[in-house]
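Residue numbers (this note's numbering): 329 to 406.
Ideal Cβ placement from N, Cα and C applies to all residues, glycine included.
What follows is a set of notes on a single structure, which appears directly below.
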Amino acid sequence: IMVPQRAVKVSTEGASVIVVGDKNVAVVRPVKLGELQGDKWVIREGLKAGDRVVIDGLQKVTPGQPVNPAAPPKTGKR
Numbered sequence: 329i330m331v332p333q334r335a336v337k338v339s340t341e342g343a344s345v346i347v348v349g350d351k352n353v354a355v356v357r358p359v360k361l362g363e364l365q366g367d368k369w370v371i372r373e374g375l376k377a378g379d380r381v382v383i384d385g386l387q388k389v390t391p392g393q394p395v396n397p398a399a400p401p402k403t404g405k406r
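So this is what it looks like as structure tokens:
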């Protein structure tokens with residue numbers, strides 16, 4: 329799984345992302361990073377297919393609070 333670099337917080341405690349959990353509540357999820365490919369991190373552990381990662385508006389998101397997720401942009405691939 330790959331996520332945009334801006335969606336990943338890296339600190340001395342490790343890396344994490346914010347995902348949209350049950351009932352559209354923001355949840356911090358620890359992840360293990362792989363390599364950086366261009367502007368995206370490869371996520372080795374901590375995410376699964378279908379997880380909704382917060383990419384934009386991170387400065388406004390508070391873990392445990394409701395979020396209003398937007399649909400992912402269409403890539404044109406089928």
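Sequence-distant partners of Asp379 (beyond 5 residues in either direction) whose C-beta falls short of 7 Å from its own C-beta, in its chain, are Val347. Assignment of Lys376 by DSSP, reduced to helix, strand and coil, places it in the coil class. Counting along the chain, Arg357 sits inside the beta strand (DSSP E) bounded by residues Ala354 to Gln365. About 5 Å separates the beta carbon of Gln333 from that of Asp367, a gap short enough to meet the 8 Å contact definition. In terms of CA proximity to Gly385, Ala335 leads the group Ile329, Met330, Ala335 and Val331. If you ignore the 5 residues before and after Leu375, its C-beta comes within less than 8 Å of the C-beta of Ile329, Val331, Val345, Val347, Arg357, Val359 and Val381, all in its own chain and listed in chain order.
Taking 8 Å as the cut-off, the Cβ atoms of Gly349 and Val355 count as close.
Between Pro391 and Asn352, the CB-CB gap reaches or exceeds 8 Å.
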